[in-house]
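The sequence shown begins at 1 in full-length UniProt numbering and counts up one residue at a time. Inspection log for the structure reproduced underneath, given as C-alpha cells.
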Amino acid sequence: MVMELFQVKMADDAERRLTSFFQDRPFLGYLASMSAEKRQQLIKSPICALFTLKMLPGSGQALFMKLLVSGLNRWQDFTPVEKANEVYDVINLMLKVGIVHGNPNERVYIDPEFRINYMVSLQTGIEDIIGMRRVPLNDEKSSKRVTVGELAKKAAERWESILRYLALPSEQVNSQQMVGSITKTLFQQCGFTREAGNEVEITSEGFQFLLLNRVEQMWMYIINYLRYIDNSLPVLEFLLRLTQCVDSAAVGATLRMQKQSNSKSSSDEKDGYGAYGSTVGRAYYCEEHWSEEVMKFLSHLRELGFVFMRKRKDGYFYITPMLFYLSMSNSAIESQGDLAKSRGFIIVETNFRVYAYTDSTLQLAILSTFTDMTYRFNDMSVGVLTRESVRKALQTGVTAKQIVSYLRANAHKNAIESNGPLLCVPITVADQIMLWEEERKRLSFFPSMMYNAFDSEREYQEVKAFATRSGVVLWHDDTSLTLIVTETGHSTIKEWWKSKPR
Numbered sequence: 001m002v003m004e005l006f007q008v009k010m011a012d013d014a015e016r017r018l019t020s021f022f023q024d025r026p027f028l029g030y031l032a033s034m035s036a037e038k039r040q041q042l043i044k045s046p047i048c049a050l051f052t053l054k055m056l057p058g059s060g061q062a063l064f065m066k067l068l069v070s071g072l073n074r075w076q077d078f079t080p081v082e083k084a085n086e087v088y089d090v091i092n093l094m095l096k097v098g099i100v101h102g103n104p105n106e107r108v109y110i111d112p113e114f115r116i117n118y119m120v121s122l123q124t125g126i127e128d129i130i131g132m133r134r135v136p137l138n139d140e141k142s143s144k145r146v147t148v149g150e151l152a153k154k155a156a157e158r159w160e161s162i163l164r165y166l167a168l169p170s171e172q173v174n175s176q177q178m179v180g181s182i183t184k185t186l187f188q189q190c191g192f193t194r195e196a197g198n199e200v201e202i203t204s205e206g207f208q209f210l211l212l213n214r215v216e217q218m219w220m221y222i223i224n225y226l227r228y229i230d231n232s233l234p235v236l237e238f239l240l241r242l243t244q245c246v247d248s249a250a251v252g253a254t255l256r257m258q259k260q261s262n263s264k265s266s267s268d269e270k271d272g273y274g275a276y277g278s279t280v281g282r283a284y285y286c287e288e289h290w291s292e293e294v295m296k297f298l299s300h301l302r303e304l305g306f307v308f309m310r311k312r313k314d315g316y317f318y319i320t321p322m323l324f325y326l327s328m329s330n331s332a333i334e335s336q337g338d339l340a341k342s343r344g345f346i347i348v349e350t351n352f353r354v355y356a357y358t359d360s361t362l363q364l365a366i367l368s369t370f371t372d373m374t375y376r377f378n379d380m381s382v383g384v385l386t387r388e389s390v391r392k393a394l395q396t397g398v399t400a401k402q403i404v405s406y407l408r409a410n411a412h413k414n415a416i417e418s419n420g421p422l423l424c425v426p427i428t429v430a431d432q433i434m435l436w437e438e439e440r441k442r443l444s445f446f447p448s449m450m451y452n453a454f455d456s457e458r459e460y461q462e463v464k465a466f467a468t469r470s471g472v473v474l475w476h477d478d479t480s481l482t483l484i485v486t487e488t489g490h491s492t493i494k495e496w497w498k499s500k501p502r
C-alpha cells in the first residue's frame with residue numbers, strides 16, 4: 001500500500017513538472033495536444049523539426065544529440081547519476097511531443113521521421129530550408145526601406161493596439177483602430193471578451209491575458225488562431241519559417257528599447273536602439289506560389305505587428321524583431337528583467353489614490369478598467385480606487401485578486417523598496433478591494449420551484465417532510481404554507497406525488 005502511494009506521488013510530481021515545461025514553452029504544449037497523425041505531418045517539414053528541437057531545454061537538446069550520434073538506446077549508459085531525474089523529465093517531455101519513442105525506464109529511440117528531417121535541415125542549410133528570398137540592397141525598392149528602429153516601433157504600436165482593444169473593447173477610439181474582425185471574433189471565442197447588451201466588455205480570462213508576459217500572450221493568441229482556421233499545418237510551418245529570418249541584432253535592439261522605455265536616456269540612444277536603430281531592415285519577397293491561405297495569414301501577421309508591409313501589391317514585406325519572442329521561453333524573457341512589459345509605474349496610497357507614472361495608453365487603459373481616472377498629464381495620471389469603479393470591473397468577471405496582483409506586479413520601484421513586494425499596495429487598500437468583492441456574494445442564486453397552493457396544512461406537512469428527507473428544501477414558511485425546493489428536487493417530488501397512494 002505504501003509503495004503504491006509512493007508511485008502515485010512520483011507520477012503526480014512528474015506530471016506537474018511536465019505541465020511546468022509546457023507553460024514555459026507554449027509551442028511544445030500545443031505540439032503535445034495534437035493528434036499523433038497531425039503531429040507526424042508537421043515534423044515532416046525540416047524547419048518544423050529544427051524549431052521543435054530548438055524549443056527543448058538545453059538538457060533535451062544534449063540528450064537528442066547523444067542519441068543521434070552514439071546510436072545508444074539506453075540513456076542511463078551515458079547519463080551521470082546526479083542528472084538522472086532531470087534527464088528522465090526531459091525524456092517524458094520528448095515522448096509527449098513525439099521526438100522519441102519507447103519506455104523511459106528502459107530504452108528510447110528517436111522518431112525515424114524526425115531524425116531524417118533534422119538531418120536534412122543540417123545538410124541543406126538554414127537559408128535553403130527557410131526558402132525565403134531576400135530583396136537585394138540594390139533593388140529599386142530599397143529607397144522605401146525602413147530601419148530596424150522603425151520596424152520595432154511599428155510592431156510595438158500594432159501589438160499594443162490589440163491589447164488596448166482588449167482592455168477597453170467598447171471604447172470608440174479603440175473600435176476605430178486597426179483591430180480586425182478576426183481578432184475580435186477570436187477574443188470572443190477564447191472568452192476574453194463578451195457582449196453585454198450593445199457593448200463588448202473584457203472578462204476575467206481577458207484580464208488574465210493582459211497580465212501574461214509577451215511570450216505567453218503571443219503564443220496563446222497564435223495557438224487559438226490555429227484552432228480557429230481549418231487547415232493550420234501550412235500556416236504554422238510558414239510562421240516557423242518566418243521566425244528563423246529574424247535578425248538577432250535587431251532583437252537585441254528591441255529588448256534594449258523596451259528596457260529603456262520608461263527612462264530618460266542620452267540623446268544618442270533616445271529611441272532605445274543606439275546606433276543599430278538606423279540599420280536598414282531585411283525585406284523578403286512575397287512569392288507567387290504561396291497559397292491564398294498563407295497570404296491571408298501574412299496580412300493578419302501585419303495586423304499583429306509580426307511583419308510590416310506597406311501594401312500587398314508591393315510584393316515584399318519586413319519581418320519585425322518582435323517575432324523573435326516566439327522563439328523564446330517564458331523563463332528566458334523573465335530572466336531579462338522587465339523586458340516584456342514596462343517598468344513598475346504605479347504608486348497606491350492609503351487614501352486609495354493611484355498615481356501612474358507612465359504615458360502608455362495601454363497601461364492607462366488597463367488601469368481605468370477598475371480605477372476612476374481623475375487627472376491626466378503628459379507622463380503621469382492620477383486616479384482613485386472607488387467602490388463603484390472596482391465593482392464595475394468585478395461585474396465583468398475580473399476578480400479582486402487579479403486587481404491586487406496587477407497593482408503589485410506594476411508597483412513603482414520606490415514603493416517596493418520602501419514597503420516590499422506585498423505591502424507596496426497598502427494592506428488597507430488590498431483588503432478593501434477584497435471586501436468589495438465579498439459584498440457581491442451576499443446573495444446566492446439557485447434555480448428553484450415554489451409550492452404555495454396546498455389544499456390543507458396536512459398536505460403541506462407531508463410534502464415538506466418528504467422534501468426534507470430528500471435534502472432538496474431551500475426555504476419554507478409554515479405560516480403561509482410556502483415551500484421552495486431545488487430545481488432537481490421538483491422532479492423528485494413530482495415522481496413521489498404521482499406514486500403516492502390516494
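Glycine is no exception: its CB is placed at the ideal position from the N, C-alpha and C atoms.
Straight-line Cα distance separating Q395 from S470:
35 Å
In this structure, how does DSSP classify D89 when only helix, strand and coil are distinguished?
helix
If you draw a straight line from the alpha carbon of E216 to that of R353, how long is it in whole angstroms?
31 Å
With H490 as the anchor, note down where its alpha helix (DSSP H) starts and where it stops.
E487 to S499
Starting from V215 and walking both ways along the beta strand (DSSP E), at which residues does that stretch end?
No beta strand (DSSP E) contains V215, which is instead part of the alpha helix (DSSP H) from R214 to Y228.
For a quick check, are the C-beta atoms of G281 and Y318 less than 8 Å apart?
yes
Can you tell me where the beta strand (DSSP E) with M119 in it begins and where it stops?
Note, M119: premise wrong, no beta strand (DSSP E); alpha helix (DSSP H) at P112 to T124.
Distance between beta carbons of L18 and N92, contact taken as under 8 Å:
6 Å
Local conformation of Y357 per DSSP, three classes:
coil
Within a Cβ cutoff of 7 Å, which residues of the same chain sit near S267, ignoring the five residues on either side of it in sequence?
No answer about S267 holds up, because its pLDDT of 37 lies below 50 and its placement is not dependable.
Among residues of its own chain, excluding the 5 on either side of K66, which ones have a beta-carbon nearer than 7 Å to its beta-carbon?
F78
Does the beta-carbon distance from M132 to R310 come in below 8 Å?
no
Which term fits K464, buried or exposed, when burial requires 16 or more other beta carbons within 10 angstroms of its beta carbon?
buried
What is the DSSP secondary structure of M295, counted as helix, strand or coil?
helix
Under a Cβ-count criterion, where at least 16 other Cβ atoms within 10 Å of its own Cβ denotes burial, should L50 be classed as buried or exposed?
buried
Residues sharing a beta bridge with I319, DSSP:
V307
Name, in chain order, the residues that DSSP records as bridge partners for A411.
I346
Which partner residues of V196 appear in the DSSP bridge assignment?
Here residue 196 turns out to be Ala, not Val, going by the sequence shown. A196 is bridged to E199.
Where T203 and R442 are concerned, what is the direct C-alpha to C-alpha distance, given to the nearest angstrom?
22 Å
Along the beta strand (DSSP E) that carries S381, what are the first and last residues, could you check?
S381 to V384
Give the C-beta separation of residue 558 and F370 to the nearest angstrom, bearing in mind that I take them to be a contact with Cβ-Cβ under 8 Å.
Residue numbering for the chain in the displayed model covers 1 to 502; residue 558 lies beyond these limits and cannot be assessed.
Could you have a look at R458 and say whether DSSP puts it in helix, strand or coil?
helix
In whole angstroms, what separates the C-alpha of W497 from that of L474?
19 Å
Separation of E303 from G180, as counted between CA atoms
8 Å
So, at 6 Å on beta carbons, what are the nonlocal neighbours of K9 in its own chain, with the 5 sequence-adjacent residues on each side left out?
In this prediction, K9 has a pLDDT of 42, which is less than 50 and means its spatial position is unreliable; what the coordinates show is noted afterwards. Here the set comprises nothing.
Reference A156; option with closest CA among T428, N378, V307 and A409:
V307
For V100, name the three-state secondary structure that DSSP assigns.
strand
Assuming the contact rule is C-beta atoms closer than 8 Å, V97 and A32 should be a hit. Round their C-beta distance to whole Å, please.
5 Å
Could you check if M1 is buried or exposed, using at least 16 other CB atoms within 10 Å of its CB as the buried criterion?
Residue confidence for M1 is low, a pLDDT of 45 falling below 50, so the modelled location carries little weight; the figure read from the coordinates is stated next. Flag for M1 reads exposed.
Straight-line gap, R115 to E288 (C-alpha atoms, nearest Å):
31 Å
Classify G149: buried if its beta carbon has 16 or more other beta carbons within 10 angstroms, exposed otherwise.
buried
What residues are listed by DSSP as bridge partners for A283?
Y318
Pairwise C-alpha distance: F445 and Y451:
18 Å
Provide the residue(s) that pair with W475 in DSSP beta bridges, ordered along the chain.
I484
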